[in-house]
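A.B. asks: The structure's right below; bear with me while I get my questions together.
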Amino acid sequence: MVTRPAHPAARPALVIAVAAAALNLRPGVTSVGPILGDLTAHYHAGTRAAGLVTAAPVFAFALTSLLAPRLLARNSLRAGLFGALALTGLSLAIRPWGDLTLFVAGTFTAAIGIGLLAVLLPVVARGGDHTRLLIGTFTTALQAGATLGFVTVVPSAHLLGGWRGALAVWSLLAVVAIAALWRSPLGSDPMIDGPAVRGAGAVHPPEAVPAAERTAEIGAVRGLRSMLGPEPESGARVAGEPGRGAVVAGGSERGAGVAGGSERGAGVAGGSEHGAGVTGRAETEAGSAAKSVVRWVNPLTVLRRTGTVPLAVFFGLQALVAFVVIGWLPSVLEAAGVGPAAAGGYLGVLTCVAVPISFLAPPLVAASARPGRWLAGFSLATVAGISGFLFGPAAAPLLWSVVLGAGLSVFSLALTVITVRGAEIGRPLELSSAVQGFGYLIAAAGPWAVGLIRRLAEGWAVPLGVLLAIAVLQTLVALTAGRSESAAPRHHSTIDTPTERR
């Protein structure tokens, strides 16, 4: 074995820490929609300002996703988790108690913390011995947090004396998560703390990465594969970077080892001039925080060289639809005669539907030879749900919410495809950063643009018609985004820098 198994007693603490942290990923955003009318009335703001409030988090998600590899290569995962939770909690606690500028700024900084959490949590969950359990906990808690934000904000406003307290109270989730993280080993596993992120998101010359750290990197990919299916057979290649050609020879007569394909090819367990066994000292070094100089790689280059531009476009379109729904659907329902509390309840139903789907469907998508069909199928549910709210919002809002909730769960399926493709090319975090970063840039204009169209059109028919057209386009792009060859490295090229290519 190249990694140390986690102690069984650590499992409950890990699950609690992941769940508590993941609960922070949505309430700070989803709780705004049901009380958006009260908020804009308080600030004497119009539809344009409301669109800015709903768009600010998406811009922050884009920024954080694009910068994540560079940030994570310079800090340990555990430190990143604490910092992200602290920023999220502080921002949510402060933002309701000032003017509109403070509210938008607080929303933006909270979303930076949330975005960093969204990048970190899947990495730490996939790197250990309880991958299936932690990934399931992560996706379920994420959807549960979104439901809490929708359903409880209006009752909380009545209980706490107004919308300010109802929004500020979500900062307590960050406090709980920090306490849970403090009592758990999450993010400190030597297999994933630093080296895995360094191998996945940062860019280093092959000779700069010690053998023990390469072993940790291979272990992180194998940990991911354990969630998606059986581990590779004896002598099977674990998808990595050409030139570093990591081959896991588990079960061979020579024993488990890593054969580095670089100029200085570091071997593990076999030993070489530059190789090193996995000793206690090496494990300690592998578990330390990553402190290295990062050579930035243009995310556009990542997308182009891995052929994942369609995947980034699909991710952006589905995120655009989702954030428009989160930000504006309560207003659509209220305009149709539905009360604020009921409107928030329908959004809660929408996210509740996504919880079991997000837990059960990703393994099926990961094992599918044509994941694009799954993406397109759930996107069709999005088309059907938006059509219902467009042509009869008050006729059957519960039905439309259930159908649209099933469609919006395509988010978890998109993350699954990104994860699988990233493992195939040996750069999971780097690919995830590029796809999500540019996807969120596409999505960021959605909430603001819909608000502007609604103001100009003086109604919801035109904005919902535009959203329906985007959902149809999303369905078409899904077929291309899910193709296996769309994420395969072209001509086996690596995502590297000039320094690496020398």
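full-length UniProt numbering puts the sequence shown at residues 1 to 502.
Cβ coordinates follow ideal geometry from the N, Cα and C atoms, glycine included.
Beta-carbon within less than 6 Å of Ile326's beta-carbon, same chain only, minus the 5 sequence neighbours each way: which residues are those?
C.D. replies: By 1-based counting over the sequence shown, the position of residue 326 is 326. Excluding residues within five positions, the ones whose Cβ falls inside 6 Å are Thr30 and Gly33.
A.B. asks: Taking C-beta to C-beta, are Ser409 and Ala471 nearer than 8 Å?
C.D. replies: Residue mapping note: residue 409 aligns to position 409 of the sequence shown, counting from 1. Residue mapping note: residue 471 aligns to position 471 of the sequence shown, counting from 1. No, the pair does not count as a contact, with Cβ atoms beyond the cut-off.
A.B. asks: Looking only at its chain, what residues have a beta carbon closer than 6 Å to the beta carbon of Val349, apart from the 5 residues adjacent to it on each side?
C.D. replies: If you number the sequence shown from 1, residue 349 lands on position 349. Contacts found: Ser401.
A.B. asks: Express the C-alpha separation of Ala174 and residue 504 in angstroms, rounding to a whole number.
C.D. replies: Residue numbering for the chain in the displayed model covers 1 to 502; residue 504 lies beyond these limits and cannot be assessed.
A.B. asks: So Arg305 is in the alpha helix (DSSP H); what residue range does that whole segment cover?
C.D. replies: Residue mapping note: residue 305 aligns to position 305 of the sequence shown, counting from 1. That run of the alpha helix (DSSP H) goes Pro299 to Thr306.
A.B. asks: Only counting the same chain, and skipping five residues up and downstream in sequence, which positions put a Cβ closer than 8 Å to that of Leu468?
C.D. replies: Here residue 468 refers to the residue found at position 468 when the sequence shown is read from its first residue. Closer than 8 Å at Cβ, skipping near neighbours: Val383, Ile386, Ser387 and Leu390.
A.B. asks: Decide if the segment 135–148 is in contact with the segment 86–105; the criterion is three or more beta carbon pairs, one per stretch, under 8 Å apart.
C.D. replies: No, they do not touch.
A.B. asks: Taking the alpha-carbon of Leu87 as reference, which of Ile112, Ser76 and Gly98 has the nearest alpha-carbon?
C.D. replies: Taking the first residue of the sequence shown as 1, we reach residue 87 at position 87. That would be Ile112, whose Cα lies nearest to the Cα of Leu87.
A.B. asks: In three-state DSSP terms, what is Glu66?
C.D. replies: For this step, residue 66 is matched to residue 66 along the sequence shown. Checking the sequence shown, residue 66 turns out to be Leu, not Glu. It is helical.
A.B. asks: How big is the Cα-Cα spacing for Val18 and Ala457?
C.D. replies: By 1-based counting over the sequence shown, the position of residue 18 is 18. By 1-based counting over the sequence shown, the position of residue 457 is 457. Taking the straight line joining both Cα atoms gives about 44 Å.
A.B. asks: Along the alpha helix (DSSP H) that carries Glu334, what are the first and last residues, could you check?
C.D. replies: Here the question's residue 334 lines up with position 334 in the sequence shown. Unbroken alpha helix (DSSP H) run through Glu334: Val309 to Ala335.
A.B. asks: Could you check if Gly482 is buried or exposed, using at least 16 other CB atoms within 10 Å of its CB as the buried criterion?
C.D. replies: Walking along the sequence shown from the start, residue 482 turns up at place 482. Under this definition Gly482 is a buried residue.
A.B. asks: Quick check on this structure: which residue in Phe438, Pro27 and Pro12 has the alpha carbon closest to the alpha carbon of Asn298?
C.D. replies: Sequence index remark: in the sequence shown, residue 298 carries index 298 (1-based). Measuring from the Cα of Asn298, the nearest candidate turns out to be Phe438.
A.B. asks: Expressed to the nearest angstrom, what Euclidean distance is found between the alpha-carbon atoms of Ser331 and Val151?
C.D. replies: Mapped onto the sequence shown, residue 331 falls at position 331. Mapped onto the sequence shown, residue 151 falls at position 151. Their backbone Cα atoms lie some 15 Å apart in a straight line.
A.B. asks: Give the range of the alpha helix (DSSP H) segment to which Leu415 is assigned.
C.D. replies: Start at 1 with the first residue of the sequence shown, and residue 415 comes out as number 415. Per DSSP, Leu415 belongs to the alpha helix (DSSP H) from Val410 to Ile425.
A.B. asks: In this structure, how does DSSP classify Ala45 when only helix, strand and coil are distinguished?
C.D. replies: Here residue 45 refers to the residue found at position 45 of the sequence shown. Coil, per DSSP.
A.B. asks: Go ahead and label Arg78 buried or exposed: buried means 16 or more other beta carbons lie within 10 angstroms of its beta carbon, across all protein chains shown.
C.D. replies: Mapped onto the sequence shown, residue 78 falls at position 78. Answer is buried; the Cβ neighbour count reaches 16.
A.B. asks: From Gly426 to Thr301, what does the alpha carbon distance come to, in whole angstroms?
C.D. replies: Residue numbering aside, residue 426 sits at position 426 when the sequence shown is read from its first letter. Residue numbering aside, residue 301 sits at position 301 when the sequence shown is read from its first letter. Cα to Cα, the separation comes out at about 16 Å.
A.B. asks: By Cβ distance, which residues of its chain are closer than 6 Å to Val420, with the 5 residues on each side in sequence left out?
C.D. replies: In the sequence shown, counting from the first residue as 1, residue 420 sits at position 420. Excluding positions up to five away in sequence, the list reads Ala366.
A.B. asks: Looking at Arg455: is its Cβ nearer than 8 Å to the Cβ of Arg95?
C.D. replies: As a first step, residue 455 is located in the sequence shown; it is residue number 455 there, counting from the start. As a first step, residue 95 is located in the sequence shown; it is residue number 95 there, counting from the start. Going by C-beta atoms, Arg455 is not nearer than 8 Å to Arg95.
A.B. asks: Just tell me which of Leu464, Arg70, Phe61 and Gly405 has its CA closest to the CA of Ala354.
C.D. replies: The count along the sequence shown starts at 1 and reaches residue 354 at position 354. Nearest C-alpha to Ala354: Gly405.
A.B. asks: Please confirm whether any heavy atom of the ligand ADP lies closer than 7 Å to the CB of Val151.
C.D. replies: The ligand ADP is absent from the structure shown, which contains no ligand whatsoever.
A.B. asks: Along the chain, where does the alpha helix (DSSP H) containing Arg132 start, and where does it finish?
C.D. replies: Within the sequence shown, numbered from 1, the residue matching residue 132 stands at position 132. Per DSSP, Arg132 belongs to the alpha helix (DSSP H) from Thr131 to Leu160.
A.B. asks: Nearest-angstrom Cα distance between Pro12 and Ala68?
C.D. replies: Counted from its first residue, the sequence shown places residue 12 at position 12. Counted from its first residue, the sequence shown places residue 68 at position 68. So the two alpha carbons sit approximately 28 Å from each other.
A.B. asks: Once DSSP output is grouped into helix, strand and coil, what is the label at Glu430?
C.D. replies: The residue given as residue 430 occupies position 430 in the sequence shown. Of the three classes helix, strand and coil, the one that applies to Glu430 here is helix, per DSSP.
A.B. asks: Could you name each continuous alpha helix (DSSP H) segment of 4 residues or more that falls completely within the segment 330–377, going from the start of the chain to the end?
C.D. replies: Listed in chain order, the complete alpha helix (DSSP H) runs (minimum 4 residues) inside the segment 330–377 are 340–367.
A.B. asks: Compute the Euclidean distance between the alpha carbons of Leu66 and Ser358, then round it to the nearest angstrom.
C.D. replies: Within the sequence shown, the letter at position 66 stands for residue 66. Within the sequence shown, the letter at position 358 stands for residue 358. In a straight line, the C-alpha of Leu66 is about 24 Å away from that of Ser358.
A.B. asks: Taking all protein chains shown into account, do 16 or more other C-beta atoms lie within 10 angstroms of the C-beta of Pro356, making it buried, or fewer, making it exposed?
C.D. replies: Working through the sequence shown from its first residue, we reach residue 356 at position 356. Exposed, since its Cβ has fewer than 16 Cβ neighbours within 10 Å.
A.B. asks: Taking the alpha-carbon positions, what's the Leu52 to Ile16 distance?
C.D. replies: As a working mapping, residue 52 is identified with position 52 in the sequence shown. As a working mapping, residue 16 is identified with position 16 in the sequence shown. Answer to the nearest angstrom: the Cα atoms are 34 Å apart.
A.B. asks: Taking all protein chains shown into account, do 16 or more other C-beta atoms lie within 10 angstroms of the C-beta of His158, making it buried, or fewer, making it exposed?
C.D. replies: Position 158 of the sequence shown, counted from the start, is the residue given in the question as residue 158. Flag for His158 reads exposed.
A.B. asks: Is Thr74 buried or exposed, if buried means 16 or more other CB atoms sit within 10 Å of its CB?
C.D. replies: Stepping through the sequence shown from its first residue, residue 74 is reached at position 74. It is worth fixing the name first, because residue 74 is Arg in this sequence and not Thr. That one is buried.
A.B. asks: Under 7 Å Cβ to Cβ from Ala396, same chain only, skipping five residues before and after it: list those, please.
C.D. replies: Along the sequence shown, read from residue 1 onward, the residue named residue 396 stands at position 396. Contacts found: Gly388.
A.B. asks: For the candidate residues Val104, Ala21, Arg26 and Ala62, whose alpha-carbon lies nearest to that of Leu39?
C.D. replies: Along the sequence shown, read from residue 1 onward, the residue named residue 39 stands at position 39. Ranking the options by Cα distance to Leu39, first place goes to Val104.
A.B. asks: What's the C-alpha gap between Thr109 and Pro340?
C.D. replies: Position 109 of the sequence shown, counted from the start, is the residue given in the question as residue 109. Position 340 of the sequence shown, counted from the start, is the residue given in the question as residue 340. Straight-line Cα distance between these residues: approximately 27 Å.
A.B. asks: Which of the three DSSP states, helix, strand or coil, is assigned to Gly106?
C.D. replies: Position 106 of the sequence shown, counted from the first residue, corresponds to residue 106. Looking at Gly106 - three-state DSSP - the assignment turns out to be helix.
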